[in-house]
């Protein structure tokens, strides 16, 4: 379900939702002993994709704040 929502443009998970809710759930469940290798790989792939989205979007946001602060300081 997480993978479908993450990939969907209509149901797109925000970076906030990924960071606060999805990732903690997925990370804690990836160590379940009932997972086989394929399931574990699927969990890890989704976790990495979500982390990449969170990192990319947060860096963009921080850069926008830094750029606006520079404009205020120079203006």
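Numbering (our numbering), first residue to last: 45 to 119. We put the beta carbon where it would ideally sit given N, CA and C, even for glycine.
Legend entry - Beta-carbon proximity of residue 101 to residue 53, cut-off 7 Å: no
Legend entry - residue 109 burial status per 10 Å Cβ neighbour count (16 or more: buried): Exposed is the call here.
Inset, instruction - Give the range of the alpha helix (DSSP H) segment to which residue 63 is assigned. - result: Note, residue 63: premise wrong, no alpha helix (DSSP H); not H, not E.
Legend entry - Reduced DSSP category for residue 80 - H, G, I as helix; E, B as strand; rest coil: coil
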